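In our numbering, the protein residues as written are 175 to 380.
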């Protein structure tokens with residue numbers, strides 16, 4: 175049985191530092207993760223993590239795409255955020271950024287990394303329930319685009335699917351997994367139709 179590499183060896187092999195964030199793959203987190211990260215998932219606070227775990231789990235479990243997860247706050251530590259985003263591993267192909275409220279994070283990243291697609295996930299937060307974050311991301315000026323997903327859970331999952339499609343441009347295996355994911359969703363509809371008659375009978379008054 176092959177011995178697991180210590181985390182330091184994994185990081186050295188991938189040229190990762192602590193500043194790059196936490197590596198996650200279908201095999202596990204940190205020293206249990208395997209593979210080069212293709213997607214960065216970043217957020218302004220760990221309070222965003224439950225939402226963004228939907229993106230992490232979709233990428234890793236559905237498509238087998240390793241990712242880095244990192245917290246970057248442009249309001250609390252702008253210099254560190256700039257340093258992190260400007261020095262990402264060369265393997266990163268897409269960035270997913272979650273933010274609520276004024277939601278400056280995705281737009282700032284889009285400006286800093288003109289070479290990478292940035293996907294924004296607005297968080298349902300505060301008095302406006304994510305509408306402010308959505309509008310902030312959508313209304314980015316010409317030249318610094320952010321591909322904006324829906325507010326909340328659906329947005330996090332769709333961000334992962336959109337990122338997988340970006341990675342799939344150069345990876346036939348990911349293209350196949352995207353097709354398999356689509357077929358699985360079709361299968362769910364088929365199964366619902368198969369049980370529909372019985373459900374209708376149950377709902378009808380006797």
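C-beta atoms are modelled at their ideal positions from N, C-alpha and C, and glycine is treated no differently.
Predicted, not measured: the structure shown is a model, and the values here were computed from it.
Close Cβ partners of residue 339 (< 7 Å) along its chain, the five nearest in sequence each way excluded: As a first step, residue 339 is located in the chain shown; it is residue number 165 there, counting from the start. Answer for residue 339: 352, listed in chain order.
Can you give me the Cβ contacts of residue 371 inside the same chain, cut-off strictly under 6 Å, excluding the 5 residues immediately before and after it? The sequence position of residue 371 within the chain shown is 197, counting from 1. Annotation for residue 371: no residue places its beta carbon closer than 6 Å to its own, counting only its chain and skipping 5 residues before and after.
For residue 321: DSSP bridge partner residues: Stepping through the chain shown from its first residue, residue 321 is reached at position 147. Listed as beta-bridge partners of residue 321 by DSSP are 293.
If I follow the unbroken alpha helix (DSSP H) through residue 232, where does it start and stop? If you number the chain shown from 1, residue 232 lands on position 58. Premise fails: residue 232 is in no alpha helix (DSSP H) and is neither H nor E.
Around the C-beta of residue 180, are 16 or more other C-beta atoms found within 10 angstroms, so that it is buried, or is it exposed? Reading the chain shown from its first residue, position 6 is the one you call residue 180. Bear in mind that a pLDDT of 46 at residue 180, under 50, signals an unreliable position, so the model cannot answer this.
Output yes or no for whether 7 Å exceeds the beta carbon distance between residue 345 and residue 325. As a first step, residue 345 must be located in the chain shown, where it is residue number 171. As a first step, residue 325 must be located in the chain shown, where it is residue number 151. Not a contact, by the Cβ cut-off of 7 Å.
Sheet register partners of residue 311 (DSSP bridge): Working through the chain shown from its first residue, we reach residue 311 at position 137. Beta-bridge pairing links residue 311 to no other residue.
What does the alpha-carbon distance come out to for the pair residue 364 and residue 290? As a position in the chain shown, residue 364 is number 190, starting the count at 1. As a position in the chain shown, residue 290 is number 116, starting the count at 1. Straight-line measurement puts the Cα of residue 290 at about 38 Å from the Cα of residue 364.
Have a look at residue 194 and residue 258 and give me their C-alpha separation to the nearest angstrom. To locate residue 194, count along the chain shown from 1; it is residue 20. To locate residue 258, count along the chain shown from 1; it is residue 84. Straight through space, the alpha carbons of residue 258 and residue 194 are spaced by roughly 7 Å.
What whole-angstrom Cβ distance do residue 319 and residue 284 have, given they're in contact under 8 Å? Here residue 319 corresponds to residue number 145 of the chain shown, with the count starting at 1. Here residue 284 corresponds to residue number 110 of the chain shown, with the count starting at 1. With a Cβ gap of about 6 Å, residue 319 and residue 284 count as contacting.
Based on Cα-Cα distance, which residue from 242, 359, 220, 348 lies nearest to residue 205? For the purposes of this step, residue 205 is taken as the residue at position 31 of the chain shown. Shortest Cα-Cα distance from residue 205 to any of 242, 359, 220, 348 involves 242.
Per DSSP, the bridge partner or partners of residue 273: For the purposes of this step, residue 273 is taken as residue 99 along the chain shown, with counting starting at 1. Answer by DSSP bridge pairing, in chain order: 296.
In three-state DSSP terms, what is residue 199? Position 25 of the chain shown, counted from the first residue, corresponds to residue 199. Under the three-state reduction of DSSP output, residue 199 falls in the strand class.
Rounded to a whole number of angstroms, what is the C-alpha to C-alpha distance between residue 265 and residue 360? In the chain shown, residue 265 corresponds to position 91, counting from 1. In the chain shown, residue 360 corresponds to position 186, counting from 1. Their Cα atoms are separated by approximately 32 Å.
Residue 259, DSSP secondary structure in three states: Numbered from its first residue, the chain shown carries residue 259 at position 85. If DSSP states are grouped into helix, strand and coil, residue 259 belongs with the helices.
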